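Report on one structure; see the data block that follows.
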Amino acid sequence: MDRYTVIGIAFACATAPFAWGYPEFQQYVQKTSGRTVNCAMCHSHPDGPEGLKPGQIGSLTQEELDRLGRARAAFEPGQNVESPILNAFGNSIIKKVGKTKFLQIRLHPEELPAALGPETDLDHDGISDSAEFLAGTDPLDEGSGPPSQLFIHNLRENAFNVIMMVIATALGIYGLNALLHGFDQAMRARREARTLE
4 MDRYTVIGIA FACATAPFAW GYPEFQQYVQ KTSGRTVNCA MCHSHPDGPE GLKPGQIGSL
64 TQEELDRLGR ARAAFEPGQN VESPILNAFG NSIIKKVGKT KFLQIRLHPE ELPAALGPET
124 DLDHDGISDS AEFLAGTDPL DEGSGPPSQL FIHNLRENAF NVIMMVIATA LGIYGLNALL
184 HGFDQAMRAR REARTLE
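Heads up: the sequence shown is residues 4 to 200, going by our numbering.
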């Protein structure tokens with residue numbers, strides 16, 4: 004074994020008690036939203052940070068372990084966090100509230116949406132990340148969210164296209180009606196011509 008592997012294993016063993024995700028948030032979301040959520044809401048891997056799979060601590064390279072250490076040291080808000088075990092939403096939580104406040108909120112997960120505020124929308128679907136947290140939907144998937152809110156957002160985003168389709172459909176129906184009316188008049192004229200002969 005090379006030196007970096009031994010250091011990585013020692014680091015993983017030393018930090019293992021702190022590596023677990025925070026099930027309090029998962030339980031709170033499931034209770035309030037009625038949706039089943041997993042660790043992938045905040046973590047890189049759906050099974051959470053512990054393990055050997057990609058995005059879990061046991062699979063990290065030395066450079067990723069260094070990034071993890073820096074991310075875990077981000078106690079104050081506003082620090083740019085790029086933890087290899089967190090996804091963009093998890094990193095944005097730590098950047099917004101800091102590790103110290105996050106650990107305090109852990110005891111009261113219902114405070115997280117207020118701490119995040121309505122400003123961030125990582126997937127640009129018109130629903131804030133805090134609202135998606137409460138709804139139990141994926142804050143990184145623009146197709147995931149409360150259906151009525153997604154519908155309203157998509158309608159606003161595509162209003163011009165929707166209006167143009169309605170106008171085109173109305174003109175198409177008007178044109179088809181005029182064409183059928185023209186065919187009807189032509190057929191009547193033929194019938195009248197035959198009866199006059």
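Positions of the beta carbon are idealized from the N, C-alpha and C atoms, including for glycine.
This structure is a prediction, so every number in the text was calculated from the model and none was measured.
Quick one: measure Cβ to Cβ for L125 and F92, integer angstroms, because I've assumed they're closer than 8 Å.
6 Å
For K102, report the span of its alpha helix (DSSP H) as first-last.
91-108
When DSSP labels each residue in this structure, what does H184 get in the three-state scheme?
helix
Enumerate in chain order the residues of its own chain whose CB-to-CB distance from E145 is below 8 Å, with the five nearest sequence positions on each side excluded.
D126, H127, D128
Report the rounded CA-to-CA distance for A192 versus G185, giving the unit in angstroms.
11 Å
Rounded Cβ spacing between L143 and P116 (contact assumed at less than 8 Å)
Contact flag wrong, Cβ pair sits at about 16 Å.
Touch test, the region 40-55 against the region 152-167, Cβ-Cβ under 8 Å, three pairs minimum:
no
Cα-Cα separation, D69 to E122:
30 Å
Excluding five sequence neighbours on each side, which residues of the same chain lie with their C-beta closer than 7 Å to the C-beta of P112?
E27, F28, Y31
Can you name, in chain order, every residue of its own chain whose Cβ lies under 8 Å from the Cβ of K98, other than the five neighbours on each side?
A77, P80, G81, Q82, N83, V84
Comparing alpha-carbon positions, which option in R73, F105, T64, L89 lies nearest P49?
L89
If I measure Cβ to Cβ from A22 and keep anything under 7 Å in the same chain, skipping five residues before and after, which residues do I get?
Here the model assigns A22 a pLDDT of 41, short of 50, so the residue's position is not dependable, and the following value carries that caveat. Contacts found: P52, E53, I60.
For H48, which of helix, strand or coil comes out of DSSP?
coil
Can you tell me the Cβ-Cβ gap for D141 and S133, rounded? I've got them flagged as a contact below 8 Å.
14 Å between Cβ atoms; not a contact.
What does a CB cutoff of less than 8 Å around T103 pick up in its chain, not counting 5 residues either side in sequence?
F78, E79
For V244, tell me which candidate among E135, L71, F105 has the shortest Cα-Cα distance.
Outside the displayed span of the chain (4 to 200) sits residue 244, for which this structure offers no information.
6 Å Cβ shell around S36 - same chain, five flanking residues per side excluded
A138, G139
Is it buried or exposed for P150, if we count other Cβ within 10 angstroms and need 16 for buried?
exposed
Pick out whichever of G101, C45, M44, P87 has its Cα sitting closest to the Cα of Q65.
P87
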